[in-house]
Amino acid sequence: MLCGDTAMNLKSYFANTVEDAMAMAREELGSDAMLVNSRKASLDARHLGAYEVVFVTDMPAPEHDQPSIAMVEARSKPPATDRLSQQMAELKKELEGMRRTITRSAVAPTAGRDISLDGSDAYGALTAGEVSSELAREIVRAAESRIGKPLGTRMRSALKSEGAAFRNALVEELESRFTVQPLLGRGEARPRIVALVGPPGCGKTTTLVKLAVNYGLAARRPVLLLSIDNYRVAAAEQLRAYAAILGVNFQLVETTMALAQAIEENRGKELILIDTPGLGLAETADYSRLAQFMATRQDIDTHLVVSSSMKSADLSRVVDSYETFRPQRLIFTKLDETGSFGPILNEAVRTGKPLSFFTNGQRIPEDLEAATKNRLTELILGGSSNLAVSAA
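Plus 1149 on top of the position in the sequence shown (first one is 1) and you've got the numbering used here.
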């Protein structure tokens, strides 16, 4: 209800809800009126409505402060849901326009450059999955280059068919940035000797057992499990228990010399898997002798095991700290514990190291899969219905 005004043409409207009061003000004053305050009505004005909303306007002030019959009726009417729905729809449309403007400027900071709708959506999907902004920008620009020029410069009638071409180009460009090598061992050398290194809690021991079952026992290859993890007694005992269950040989060695001797004594095995201590960032230097042993042995295939749920910055620090071991490939575990897979791509691109295997749970041996380009692409783009690409 209109209660009064001042020389500054401030007008107060009372109603049982703030939304009703705002609707009354907009209806009388128009869309140019500016809201300056909303609060609960004072006790002496509570009979006019539970809430007071104050607007400022250039309209001339009214000559009296008596409530009009129309305003009294408006206060008794239910909230203007249709009007509010329309306002919400308009607000949503404005926010969507702002989002597209921001993503387009991020993809194409050069003044005057058009970017396609597909390009801005692709950039948004990549960065939402925690692909680095610089890498996402490079991928989107390269994908557009593959189809000639930005889709935003084409006729609208051609956008549908060219949108599919862009999505295919996006996948091809993304997959060209990294390599996969789901292999164990170096070349054709026998036995295949594989060492897993990585930080604590990344799942090295269970991953090693999964590899033993899937690539040893399942292929009827004689397997030997070695542990040089004398840092944690429980880890070695866990691996010993797994070996007993699987019916394969197990040895615990305490030095690199003993490790070398165990390898020589078991040249008749087809697959030797080596478990190592889980070392924090400050501990890798303490195992320089083991790192040197791994780095200089040409017959040992070293895989760095890291969790896919780590943040990109932390992941890079861990990978760099293990570089003294000279790992040839990367294994990413715990895919089931994250919804953002961009850090996997970031690290594969940054280091140039091939991806070998993924794990997505604790089940042995089921939750192990060979890394493929299609799989990582689906993980990164799968969250976007507009950009998801079928296996076909």
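C-beta atoms are modelled at their ideal positions from N, C-alpha and C, and glycine is treated no differently.
Give me the DSSP bridge partner(s) of residue i.
{"i": "residue 1490", "result": "Paired residues: none, contrary to the question."}
{"i": "residue 1342", "result": "1421, 1449"}
{"i": "residue 1478", "result": "1452"}
{"i": "residue 1347", "result": "1427"}
{"i": "residue 1205", "result": "1159, 1183"}
Along the chain, where does the beta strand (DSSP E) containing residue i start, and where does it finish?
{"i": "residue 1507", "result": "1504-1508"}
{"i": "residue 1519", "result": "1517-1519"}
{"i": "residue 1326", "result": "Per DSSP, residue 1326 belongs to no beta strand (DSSP E) and is neither H nor E."}
How would you write the range of the alpha helix (DSSP H) that residue i sits in, first residue to last?
{"i": "residue 1332", "result": "Here residue 1332 belongs to no alpha helix (DSSP H), and DSSP marks it neither H nor E."}
{"i": "residue 1358", "result": "1353-1361"}
{"i": "residue 1522", "result": "1522-1530"}
{"i": "residue 1457", "result": "No alpha helix (DSSP H) contains residue 1457, which DSSP labels as neither H nor E."}
{"i": "residue 1288", "result": "1282-1295"}
With a threshold of 7 Å, establish whether the CB of residue i neighbours any heavy atom of the ligand MG.
{"i": "residue 1346", "result": "In the structure on display, the ligand MG does not appear, and there are no ligands present to speak of."}
Can you list, in chain order, the residues of its chain whose CB lies under 7 Å from that of residue i, leaving out five sequence neighbours each side?
{"i": "residue 1464", "result": "1455, 1492, 1496"}
{"i": "residue 1213", "result": "Its pLDDT being 47, under 50, residue 1213 is placed unreliably in this model, and the coordinates cannot settle the point."}
{"i": "residue 1500", "result": "1468"}
{"i": "residue 1291", "result": "1322"}
{"i": "residue 1405", "result": "1438, 1439, 1442"}
Quick one: what's got a C-beta closer than 6 Å to residue i's C-beta in the same chain, skipping five residues either side?
{"i": "residue 1472", "result": "none"}
{"i": "residue 1528", "result": "1490"}
{"i": "residue 1505", "result": "1330, 1331, 1452, 1478, 1480, 1520"}
{"i": "residue 1419", "result": "1340, 1370, 1371"}
{"i": "residue 1398", "result": "1373"}
Near residue i, what residues of its chain come up, given a Cβ to Cβ distance below 8 Å and the 5 sequence neighbours on each side ignored?
{"i": "residue 1387", "result": "1354"}
{"i": "residue 1458", "result": "1483, 1486, 1487"}
(request) Decide if the region 1360-1372 is in contact with the region 1512-1522; the criterion is three or more beta carbon pairs, one per stretch, under 8 Å apart. (result) yes
(message) As an exercise, report each continuous beta strand (DSSP E) stretch of at least 3 residues that is fully enclosed by the region 1157-1203, in chain order.
(response) 1159-1164, 1183-1189
(message) Just to confirm the assignment: which complete alpha helix (DSSP H) runs, minimum length 4, are found wholly within the region 1360-1426?
(response) 1382-1395, 1405-1414
(request) Evaluate the contact criterion for the region 1313-1333 versus the region 1281-1300: three or more CB pairs, one atom per stretch, below 8 Å. (result) yes
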